[in-house]
Amino acid sequence: MKAVQKEFSRFADTYAHYNIIQNRVAQKLVDECKDRPQRILDLGCGSGTIAKKIAWPYEKFTGVDFSSQMLELHPKDDKIVCRMGDFNEETLFEELVNDEYDRIFSASSLQWAVDLDKTLYQISQLNAPISLAIFTSNTFKTLLETAGISSPLRCADEVSYLLGQYFRLETELVEYELEFESIEEIFAYIKKSGVSGGRNLLGYTQMKALMKNYPTKSLSFEVLFARN
Ligand SMILES: C[S@@+](CC[C@H](N)C(=O)[O-])C[C@H]1O[C@@H](n2cnc3c(N)ncnc32)[C@H](O)[C@@H]1O
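As structure tokens, this is what we get:
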């Protein structure tokens with residue numbers, strides 16, 4: 464694994480910026496993909512961050528997500544297939560294996576796999592190169608430490624180990640730091656950006672105490688990139 468890289472950004476208070484980190488993550492995955500794949504699979508495609516960033520002409524793009532609301536927002540054309548599917552379910556992969564892919568992307572989604580080992584195994588059975596970005600446990604590190612709770616995310620070493628069981632690949636751990644004007648903005652960001660996977664990490668009292676005691680005006684994110 465390469466040394467941790469750091470990137471710093473300022474938070475701007477517009478809706479689009481709630482996804483500032485996911486945008487950067489998807490951009491990095493696409494920028495580093497040099498083989499211009501023709502048949503692309505995107506697991507946890509959401510509203511289409513990856514599809515929107517791919518600039519080369521391709522044959523077919525299959526975006527899979529288990530949220531119909533997200534899929535509704537995904538760009539559509541005759542080369543894009545959007546399908547409902549849950550990457551925790553074997554049935555999804557039983558269907559996906561009937562097609563061939565030149566590359567499988569997954570940006571900012573696989574941290575929510577219930578059994579990442581099993582999901583990675585199933586991805587490996589699709590026999591295609593991968594470009595994955597998975598959030599890891601140092602995301603929101605200071606905030607979680609201040610609140611005295613442990614991360615719901617797997618640590619980078621564990622994710623790296625699981626990936627290494629099924630793929631020969633390069634990994635890179637990237638830290639992002641986002642600065643805010645106020646503590647309220649930080650909590651609004653956590654709520655609206657979807658980075659907490661829709662889970663309420665804190666109760667009301669814990670949240671109040673945290674807003675009082677949180678020592679910085681920034682949030683940190685840790686993302687493991689894996690590609691082959
Ligand atoms: C943070 S968003 C990232 C979306 C997009 N890949 C991006 O880079 O902006 C995570 C996405 O993963 C989807 N997701 C989470 N768990 C999933 C699962 N088990 N199966 C399919 N999609 C899932 C969510 O619905 C959401 O659209």
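The opening residue of the sequence shown carries number 464 in the numbering used here; numbering runs sequentially from there.
Glycine included, C-beta positions come from ideal geometry on N, C-alpha and C.
All figures in this text were calculated on a predicted structure; none of them were measured in a lab.
Buried versus exposed call for Gln-532 [16 or more other C-beta atoms within 10 Å across all chains shown]
exposed
Is Ile-653 near ligand 1, judged by its Cβ being under 7 Å from some heavy atom?
no
Considering only their Cβ atoms, is the gap separating Val-527 from Asp-505 smaller than 8 Å?
yes
Grouping DSSP H, G and I as helix and E and B as strand, with all else coil, what is Ala-475?
Here the model assigns Ala-475 a pLDDT of 44, short of 50, so the residue's position is not dependable, and the following value carries that caveat. Coil.
Under 8 Å by Cβ, that's how I've got Trp-519 and Arg-499 pegged, so tell me the actual separation to the nearest angstrom.
5 Å
The alpha helix (DSSP H) enclosing Gly-526, as first and last residue numbers
Premise fails: Gly-526 lies in the beta strand (DSSP E), 523 to 528, not in any alpha helix (DSSP H).
For Phe-696: DSSP bridge partner residues:
In this structure the chain extends from 464 to 691, so residue 696 is not present and cannot be described.
Considering Cα atoms alone, identify which of Asn-691, Ala-619, Tyr-624 and Glu-608 is closest to Leu-673.
Glu-608
Report the rounded CA-to-CA distance for Leu-687 versus Asp-494, giving the unit in angstroms.
16 Å
Within its chain, find whatever has a CB closer than 7 Å to the CB of Cys-618; leave out the 5 residues flanking it on each side and keep chain order.
Thr-599 and Ser-600
Unbroken beta strand (DSSP E) run spanning Glu-638, endpoints:
633 to 642
Classify Ala-576 as helix, strand or coil using the three-state DSSP reduction.
coil
Within 5 Å of ligand 1: residues by beta-carbon to any heavy atom:
Gln-485, Ala-489, Gly-507, Gly-509, Thr-512, Asp-528, Phe-529, Ser-530, Met-533, Asp-549, Phe-550, Asn-551, Ala-570, Ser-571, Ser-572, Trp-575 and Gly-657
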